[in-house]
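Beneath this line is the structure, given in structure tokens, with notes to follow.
There are 2 protein chains.
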Amino acid sequence: MVAVTVAQLPLVIGEREHNLSLAAEAVLAAPRGIVVLPELLNSGYCFRDTEESRALAEPLDGPSVRALTELAARTGSTLVASLAILEPAAGPGVASQSEPARPPERVVNVAVVVEAEGIVGRYTKVHLWAREPEHFVAGTDLPALVPSQFGRLGLMVCYDLEFPEFTRMAALAGADLIVAPVNWPLEPRPEGSRAREQIVVEAAARQNRVAFAVCDRTGAERLGEGVGSDWVGGSIIVGQDGFPLTPTAYGRPALLSAEVDLEASRDKALGPFNDVVRDRRPEVYGF
Amino acid sequence: MVAVTVAQLPLVIGEREHNLSLAAEAVLAAPRGIVVLPELLNSGYCFRDTEESRALAEPLDGPSVRALTELAARTGSTLVASLAILEPAAGPGVASQSEPARPPERVVNVAVVVEAEGIVGRYTKVHLWAREPEHFVAGTDLPALVPSQFGRLGLMVCYDLEFPEFTRMAALAGADLIVAPVNWPLEPRPEGSRAREQIVVEAAARQNRVAFAVCDRTGAERLGEGVGSDWVGGSIIVGQDGFPLTPTAYGRPALLSAEVDLEASRDKALGPFNDVVRDRRPEVYGF
Numbered sequence: 007m008v009a010v011t012v013a014q015l016p017l018v019i020g021e022r023e024h025n026l027s028l029a030a031e032a033v034l035a036a037p038r039g040i041v042v043l044p045e046l047l048n049s050g051y052c053f054r055d056t057e058e059s060r061a062l063a064e065p066l067d068g069p070s071v072r073a074l075t076e077l078a079a080r081t082g083s084t085l086v087a088s089l090a091i092l093e094p095a096a097g098p099g100v101a102s103q104s105e106p107a108r109p110p111e112r113v114v115n116v117a118v119v120v121e122a123e124g125i126v127g128r129y130t131k132v133h134l135w136a137r138e139p140e141h142f143v144a145g146t147d148l149p150a151l152v153p154s155q156f157g158r159l160g161l162m163v164c165y166d167l168e169f170p171e172f173t174r175m176a177a178l179a180g181a182d183l184i185v186a187p188v189n190w191p192l193e194p195r196p197e198g199s200r201a202r203e204q205i206v207v208e209a210a211a212r213q214n215r216v217a218f219a220v221c222d223r224t225g226a227e228r229l230g231e232g233v234g235s236d237w238v239g240g241s242i243i244v245g246q247d248g249f250p251l252t253p254t255a256y257g258r259p260a261l262l263s264a265e266v267d268l269e270a271s272r273d274k275a276l277g278p279f280n281d282v283v284r285d286r287r288p289e290v291y292g293f
Numbered sequence: 007m008v009a010v011t012v013a014q015l016p017l018v019i020g021e022r023e024h025n026l027s028l029a030a031e032a033v034l035a036a037p038r039g040i041v042v043l044p045e046l047l048n049s050g051y052c053f054r055d056t057e058e059s060r061a062l063a064e065p066l067d068g069p070s071v072r073a074l075t076e077l078a079a080r081t082g083s084t085l086v087a088s089l090a091i092l093e094p095a096a097g098p099g100v101a102s103q104s105e106p107a108r109p110p111e112r113v114v115n116v117a118v119v120v121e122a123e124g125i126v127g128r129y130t131k132v133h134l135w136a137r138e139p140e141h142f143v144a145g146t147d148l149p150a151l152v153p154s155q156f157g158r159l160g161l162m163v164c165y166d167l168e169f170p171e172f173t174r175m176a177a178l179a180g181a182d183l184i185v186a187p188v189n190w191p192l193e194p195r196p197e198g199s200r201a202r203e204q205i206v207v208e209a210a211a212r213q214n215r216v217a218f219a220v221c222d223r224t225g226a227e228r229l230g231e232g233v234g235s236d237w238v239g240g241s242i243i244v245g246q247d248g249f250p251l252t253p254t255a256y257g258r259p260a261l262l263s264a265e266v267d268l269e270a271s272r273d274k275a276l277g278p279f280n281d282v283v284r285d286r287r288p289e290v291y292g293f
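If you read the sequences in order, they're chains A and B. Under this note's numbering, think of the first position of the first sequence as 7, with each following residue one higher. Under this note's numbering, think of the first position of the second sequence as 7, with each following residue one higher.
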């Protein structure tokens, strides 16, 4: 059994130091294990324009990964977050009259797995939501399978979860726990209903017999400014049977932990006769 | 808008006439539209042995399809059910001392769509649950896309729904409504939780922006006899946003109807910027 925690934090756009201090507080309070933090932990989400998203991004060896590495070293935990990252891009440099040519850079939404020795795995978000293509270049690789100290983590980000192909592939690759930092925008839902984003995760856990740890955020950003959003606050840990292991904490900060049997994700049996992987019929699907 | 009904019937194993009369009562009481009946409507589910399943199966032009055709003609509705069917099989005939060689036959779990003129579409269950392989030969074709009078029906059966590849393919093929007769075996679940089988359907509806009509059954069969089962009674109609359009009627007979906007399944937009089909990244998945 591994202690898994999702830290639903009230991030503030543009306030990296504040956001990192919220993360530090949560990681120090969580039991040693796997701690998942929200998407775009360093920057916030509702950028006014591309100048702002570029200004809030940082190199992969920048202050956020350094802070997470220190926290991982101090606690012995494995930390997961997504960050707005500025990375070298292929192509010609850009020159101007006043400056020499610089190598081009691009902004990406990168999920990292950090342990005491630094980054042990990374993944660039493939499925971009809403206006994200204005700010981020989409990734081109499958979910990372990261061999952490506690088990194999399947790493993806937010909207990626809506694609059943993607969660299936992470499970087939051998993930013990699919970890996903998210920022789920709040949409109206019928009274008493669970958020559909959570339902999608619960279904994927059951259909793939794999555990999930998904970390959402709180703290409405720039409402009324056109680019703004509030958030579901639907952070959730789900067992291999598709039932949540954590209570809901809609719309408020929360630190939710559960003991998760990661080994159980390697057993794909569904009842005494069936197996959700062996029962697939690739010869019928054609893939 | 089309009136869609799921008829959660208390079937009795081995009692075809009784089961067909329950179906008739339900279809006559339902509003004209699409009426989905349970899996293995003609036979029941918990067979003692292969002799029994073979004896309860019937040809595709047998009494059950005849009865459904008459009901469709009388009501103008489109009917969906799955039946235990005896069909010709390839291979050498079987001879015995007392009888001449007969063409070989096999038993299959076939979903049919029936209108006034008879069968307009059929599909043989591909993913077999528990002991079904002892009784049924598995199908080898994708979900049928059936052009009914009310719209294009994607046709599958019970355990097929657990495979996200399958529901995805039915949606990509252009289903306006995915219809599935099921017999969901009752398993314990945490107090107050919805059945995971329903969650899987709700998630697939949202992820594919397609409506579902899934018809379960009631009437525990042969409990305590080893082969027996009780049933969830989780019949459900779900809209393209993944929210149920019908209340739950766990463990009791029920006729659940909803007006469903089938046209809306052709619009795959999720919010103003996204589209669940266009946003797929086949070049990343490799299929």
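Glycine included, C-beta positions come from ideal geometry on N, C-alpha and C.
Under a Cβ-count criterion, where at least 16 other Cβ atoms within 10 Å of its own Cβ denotes burial, should Val-206 of chain B be classed as buried or exposed? Answer is buried; the Cβ neighbour count reaches 16.
Taking all protein chains shown into account, decide if Asp-281 of chain B is buried (16 or more other Cβ within 10 angstroms of its Cβ) or exposed. Classification for Asp-281 of chain B: exposed.
What residues of chain A sit near Pro-170 of chain B, judged by a beta carbon separation below 9 Å? For Pro-170 of chain B, the chain A residues whose C-beta falls within less than 9 Å of its own C-beta are Pro-170, Glu-171, Thr-173, Arg-174, Ala-209, Ala-210, Gln-213 and Asn-214, listed in chain order.
Could you pull the start and end residues of the beta strand (DSSP E) that Arg-112 of chain B belongs to? Taken as a continuous stretch (DSSP letters only), the beta strand (DSSP E) holding Arg-112 of chain B covers 111-121.
Segment limits, beta strand (DSSP E) that includes Ile-243 of chain A: Ile-243 of chain A -> beta strand (DSSP E) spans 242-244.
Contained alpha helix (DSSP H) runs [length at least 4] in the segment 131-164 of chain B, N- to C-terminal order: Here the runs fully enclosed are 138-141.
Find out if the Cβ-Cβ distance for the pair Gly-232 of chain B, Gly-257 of chain B is shorter than 8 Å. No, the pair does not count as a contact, with Cβ atoms beyond the cut-off.
So the beta strand (DSSP E) Ala-13 of chain B belongs to, where does it begin and stop? That run of the beta strand (DSSP E) goes 8-14.
According to DSSP, is Asn-280 of chain A part of a helix, a strand, or is it coil? Here Asn-280 of chain A sits in strand by DSSP.
Beta-carbon of Trp-303 of chain B versus every beta-carbon of chain A: anything under 8 Å? For chain B, the structure presents residues 7 to 293; residue 303 of chain B sits outside this window and is missing.
If you compare alpha carbons, which of A:Tyr-51, A:Leu-192, A:Ala-255 and A:Arg-80 is closest to Ala-35 of chain A? Nearest option by C-alpha distance: A:Arg-80.
8 Å is my cut-off, CB to CB: does Pro-110 of chain B come that close to chain A? Interface flag for Pro-110 of chain B against chain A is unset, since no Cβ pair is found closer than 8 Å.
So what's Val-185 of chain B in DSSP terms, helix, strand or just coil? In this structure, DSSP gives Val-185 of chain B an extended state, which the three-state scheme calls strand.
Show which residues of chain B have a CB atom less than 7 Å away from the CB atom of Asp-285 of chain A. Here the neighbours are His-133.
For Ser-27 of chain A, is the classification buried or exposed, using 16 other Cβ atoms within 10 angstroms of its Cβ as the cut-off for buried? Under this definition Ser-27 of chain A is an exposed residue.
Would you verify that the beta carbon of Tyr-51 of chain A is, or is not, closer than 8 Å to some beta carbon of chain B? Cβ-Cβ to chain B under 8 Å: no for Tyr-51 of chain A.
Per DSSP, the bridge partner or partners of Leu-89 of chain B: When DSSP reads this structure, Leu-89 of chain B sits in a beta bridge with B:Val-116.
Identify the residues that DSSP records as bridge partners of Phe-4 of chain B: which are they? Residue 4 of chain B lies beyond the stretch modelled for chain B, which goes from 7 to 293, so this question has no answer here.
Going along chain A in order, which residues have a C-beta closer than 8 Å to the C-beta of Asn-280 of chain B? Simply Trp-135, Ala-136 and Tyr-165.
Any beta carbon from chain A within less than 8 Å of Ile-205 of chain B's own beta carbon? Chain A, which has a Cβ nearer than 8 Å to the Cβ of Ile-205 of chain B, makes this yes.
Where the alpha helix (DSSP H) containing Ser-70 of chain B begins and where it ends: It spans 69-81 - the alpha helix (DSSP H) in which Ser-70 of chain B sits, taken as one unbroken run.
Please tell me whether Glu-21 of chain A and Pro-187 of chain A are closer than 8 Å, where the distance is taken between their beta carbons. No, the pair does not count as a contact, with Cβ atoms beyond the cut-off.
Pairing CB atoms from the segment 108-116 of chain B with CB atoms from the segment 146-156 of chain B, are three or more of them under 8 Å? Output reads no: the segment 146-156 of chain B does not touch the segment 108-116 of chain B.
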